[in-house]
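Chemist: In this note's numbering, each residue carries its 1-based index in the sequence shown increased by 324. Every residue gets a Cβ at the ideal spot worked out from N, C-alpha and C, and that includes glycine. This structure is a prediction, so every number in the text was calculated from the model and none was measured. Please find one structure pasted underneath; my questions will follow.
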Amino acid sequence: MTLFAELGMRYPVIQAPMAGVQDCALAMAATSAGALGSLPAAMLSGADLRQELSRLAASGPGPYNINFFCHRQHEPEPTAEQRWRQVLSPYYTEFGVDAAAPSRAPARAPFNDEHAALLAEFRPAVVSFHFGLPEPELLAQVKATGAKVFASATTVAEAQWLADHGADAVIAQGLEAGGHRGHFLSEDLSLQQGTFTLLPQVVAAVAIPVIAAGGIVDGKGIRAALALGASAVQVGTAFLCCHEATTSPLHRAALQGRHGQHTALTNLFSGRPARGIVNRLMRELGPLSVLPPDFPYASGALAPLRAAAEKAGDRGFSPLWAGQNISGCRSMAAAELIAAWVAEAGLV
């Protein structure tokens, strides 16, 4: 029996965890349709995570993936914060934002003891990590719940490291993928490759299942990934316009607009490279810059500006996360989308 059949998945499809554009409703829809639904937990408070896990537990049988960040978080640097606010000050003036306004951006907490305790209580089938793996003691607590551990790799070296340090499956994240890059061994983006270049190399390099992620938006992409040795695929961008997603109207309009296919890696919104639709902030400051503070502090000074701009109907200061291939975005129920992929891929 394959790992994914063991988990109770009918199809080798994972709905990618996407913080800021979903809650557990999308995860429940994906799992109910035979895929593996995922909940992004890194931006949730302990109380909010408990509420979401309770809703998942009450939704009936089926596997779920709970996703966490496990970055090494440094103390904020006041000088970097001040510099960033100075860079943003002309935009503050334009939108009537108080430059001294406190941040209301949600925190991005790395995996910790509180998270581990909640996992021990709710026991999800899968726990996945971005930016490597947590410390061995915390990882041991996750393993003790019986959960399978997945983690993202952007290079062969990262995939091998994950396999050597306790991952049960590796998510091979191609350069096309939307949202934050999962790199953790090196910040050199030139080391990263496209999905269908990276995937067969990772499959050859590790003895654990490999999940393909990045640029896969339909049944043809699923079929191609499986043919190259993937045990499953992880799809994110194509779910952004589904009924169950919480994607904002401004974000949906960007995805469906004529410039939606123009994406770039940017560190302006969080301090770490992530792929999103190019907008005003990225054009005017350059998508990759030394100006913002380190992850995750860049979002703090941006939060009041983003709120004011969005209130005015302006998406120029919002992170519009999306992969390079938005052609699969459909305004429909997630179950319908998954059923179409499964039929096209010949999985039924």
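In the DSSP assignment, find the beta strand (DSSP E) that holds residue 364 and state where it starts and stops.
Modeler: 361-364 is the extent of the beta strand (DSSP E) around residue 364.
Chemist: Straight-line CA distance for residue 748 to residue 472?
Modeler: Given that the chain is displayed from residue 325 to residue 672, the structure contains no residue 748 and the question cannot be resolved.
Chemist: Give the straight-line distance between the Cα atoms of residue 608 and residue 528, rounded to the nearest whole angstrom.
Modeler: Rounded to whole angstroms, residue 608 to residue 528 spans 42 Å at the Cα level.
Chemist: Return helix, strand or coil for residue 650, following the three-state DSSP convention.
Modeler: Residue state, collapsed to three classes: coil.
Chemist: For residue 541 and residue 494, which I take to be in contact (beta-carbon distance under 8 Å), what is that distance rounded to the nearest angstrom?
Modeler: Not a contact, Cβ separation roughly 21 Å.
Chemist: Using only alpha-carbon positions, find the residue among 617, 630, 436 and 634 that is nearest to residue 462.
Modeler: When only C-alpha atoms are compared, the closest one is 436.
Chemist: My guess is that residue 345 and residue 359 are in contact by the Cβ rule of under 8 Å, so how many angstroms apart are they, rounded?
Modeler: Actually they do not touch by this definition, with Cβ atoms about 17 Å apart.
Chemist: Excluding sequence positions up to five away, which residues of its chain have a Cβ less than 6 Å from the Cβ of residue 589?
Modeler: Within the same chain, residue 589 has close Cβ partners 597 and 599.
Chemist: Just list the alpha helix (DSSP H) runs in the stretch 330-359, keeping only unbroken ones of 4 residues or longer that don't cross its boundaries, in chain order.
Modeler: Segments of the alpha helix (DSSP H) lying fully in the stretch 330-359: 348-356.
Chemist: Say whether the stretch 408-422 touches the stretch 611-629, bearing in mind that this needs 3 or more beta-carbon pairs closer than 8 Å, one atom from each stretch.
Modeler: These segments touch.
Chemist: Starting from the Cα of residue 481, find the closest Cα among 439, 440 and 526 and give me that residue.
Modeler: Cα-wise, what sits closest to residue 481 is 526.
Chemist: In three-state terms, what does DSSP make of residue 434?
Modeler: Strand, per DSSP.
Chemist: Quick check: what's the CA-CA separation for residue 633 versus residue 639?
Modeler: Going by the C-alpha atoms only, they are around 7 Å apart.
Chemist: Since I believe residue 671 is in contact with residue 415 (beta carbons under 8 Å), could you give me their beta-carbon distance rounded to a whole number of angstroms?
Modeler: Actually they do not touch by this definition, with Cβ atoms about 47 Å apart.
Chemist: Determine the direct distance from the alpha carbon of residue 451 to that of residue 595, and round the result to whole angstroms.
Modeler: If I take the Cα positions, the gap works out to 25 Å.
Chemist: Is the separation between the beta-carbon of residue 578 and that of residue 546 shorter than 7 Å?
Modeler: Going by C-beta atoms, residue 578 is not nearer than 7 Å to residue 546.
Chemist: Taking just the CA atoms, how far does residue 351 sit from residue 377?
Modeler: Cα to Cα, the separation comes out at about 11 Å.
Chemist: Counting pairs of beta carbons, one from the stretch 367-382 and one from the stretch 579-587, are three or more of them closer than 8 Å?
Modeler: No, because fewer than three Cβ pairs between the stretch 367-382 and the stretch 579-587 fall closer than 8 Å, the two stretches do not touch.
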